[in-house]
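Residue numbers (this note's numbering): -18 to 442. Positions of the beta carbon are idealized from the N, C-alpha and C atoms, including for glycine.
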């Protein structure tokens, strides 16, 4: 159960910025405009109010994230294989359709949305056509092999594109009625993308690109259909306007780098072997007033370690290097948030969180570089020295987050967090490398501190 929960939360980066679709809410709440007739100067749209930006902003971020994770796809898949290598639950085959089914179900029940049934059906059919052309056009051109090796049509993920196109459809039709419809739709789409990775059917970049294409397809469909009808919706004047408050309650997806300040392996001169790793997660808080709130986050962090070259003091011809699987943890934490408002556009948030951290098991091995040396225990030039099992511990997190509010609903945030826990790691030494009298099991307790820095897309509600 622990391992399944770990990987489910690991891939929360496949939440894939669905919250960002709230960027359009303010503009879509207004009724169709009347002609100006030259009686007053037409107000020029800001950059973020332009149609092209509203249509492409979130898809562009997702497609960029797909490109940035391309060289990390093997590492991300390795984590899946370490924790849930036999996962085979095909829930994503049906869940991808849930947001669209909910949309048409609400219409059948008589719940007023943005458009009447006929126009909604036209918009949906258009989005499906655009999505199918984009996905299949890239799939059978790129010919990327799936992680399970079954075929060469992995990039992008069609299931994820379908799920996010459907989620954007639900958001377009009912997001203005109640934001919980949007949250539910994008939540189902996120779980679909997660399932594609859990079932070993897609790489992380496939899923991110699929999400971007899905949202883009629905955005384009509504843009073209709205142009044909000459307005933004059939029922905008009948939909109750969702009024947000001035408190900075938010939901956000975050992605960044980590830097471990301690290592699970130390050289003789105590030089740390930690390299830059990565962090991904979801964060949110509910504010009771403009300054104080209560919130939390679910994050996963991974810390790769540098390769340490070693020599056998008894035989200088034997050279090798110590390899360690990435150290990682999954953390659930809650605590108070405090917001400082510098202006309408700039906010600073301070947090102090406490929570439960679940460590990732791993192996430490020696790779022999001296090819002329024969060592019976070697497999593919390596011998396992030990495995390590971190205990689950309490973790404290403090951090700062500076946000520039692009619109009233959406902000871009730079964050920096300090994370501390008192780790307890059990090392189980390989019997083949033990000397007589050595202990097979060693338990080491020491502080584990790491910094994380990155960006998050922040949606206010």
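For the beta strand (DSSP E) assignment, the uninterrupted runs of no fewer than 3 residues enclosed by the region 159 to 241 are, from N- to C-terminal side, 231 to 241. Ranked by how close their Cα comes to the Cα of residue 151, the residues 385, 337, 165 and 396 have 165 in first place. Listed as beta-bridge partners of residue 434 by DSSP are 238 and 397. The three-state secondary structure of residue 94, taken from DSSP, is coil. Here the region 399 to 414 does not lie against the region 200 to 215, with fewer than 3 beta-carbon pairs under 8 Å apart. A distance below 6 Å between beta-carbons, with the five flanking residues on each side excluded, links residue 138 to the following residues of its chain, in chain order: 177, 183, 187, 188 and 191.
With respect to the 8 Å criterion, residue 180 and residue 71 are classified as neighbours on the basis of their beta carbons. Distances from the CA of residue 194 to each of 217, 208 and 170 were compared; the closest alpha carbon is that of 170.
The region 386 to 393 and the region 309 to 323 do not touch, with fewer than 3 CB-CB distances between them shorter than 8 Å. Within 10 angstroms of the beta-carbon of residue 185 lie 16 or more other beta-carbons, which makes it buried. Relative to residue 68, the option among 58, 75, 76 and 77 whose CA is nearest is 58.
In terms of CA proximity to residue 340, 313 leads the group 413, 313, 365 and 349.
DSSP, read as helix, strand or coil, puts residue 420 in coil. Per the C-alpha coordinates, the member of 112, 334 and 154 positioned closest to residue 99 is 154. In this structure residue 65 is buried. Its beta-carbon is surrounded by 16 or more other beta-carbon atoms within 10 angstroms. In this structure, the alpha-carbon of residue 429 lies about 20 Å from that of residue 262. Residue 330 is bridged by DSSP to 320 and 382. Residue 310 sits buried, since 16 or more C-beta atoms from the chains shown fall within 10 Å of its C-beta. The DSSP assignment places no complete run of the beta strand (DSSP E) inside the region 55 to 94 (cut-off: 3 residues). Between the alpha carbons of residue 89 and residue 97 lies a gap of roughly 10 Å.
For residue 427, DSSP records a beta bridge to 404. An exposed status is given to residue 325, since fewer than 16 other beta-carbon atoms sit within 10 Å of its beta-carbon. Nearest to residue 375 by alpha-carbon distance, out of 401, 381 and 133, is 401. Going by DSSP, residue 150 is part of the alpha helix (DSSP H) stretching over 139 to 155.
As the crow flies, the alpha-carbon of residue 233 is around 18 Å from that of residue 269. In summary, residue 73 is buried, with 16 or more beta-carbon neighbours lying within 10 Å of its beta-carbon over all protein chains present.
DSSP lists 233 and 278 as the beta-bridge partner residues of residue 264. For residue 34, the closest alpha carbon among the candidates 82, 201, 157 and 363 is that of 201. Residue 316 is not a Cβ neighbour of residue 343, given a cutoff of 8 Å. Relative to the Cα of residue 393, the nearest Cα in the group 370, 42 and 27 belongs to 42. In this model, residue 305 and residue 239 are separated by some 17 Å (Cα to Cα).
Distance from the CA of residue 127 to the CA of residue 175, rounded to the nearest whole angstrom, comes to 15 Å. Taking the C-beta atoms as reference points, residue 277 is found no nearer than 8 Å to residue 231. Counting of Cβ neighbours within 10 angstroms places residue 77 among the buried residues, the total reaching 16 or more.
By alpha-carbon distance to residue 145, the top candidate from 198, 285 and 95 is 198.
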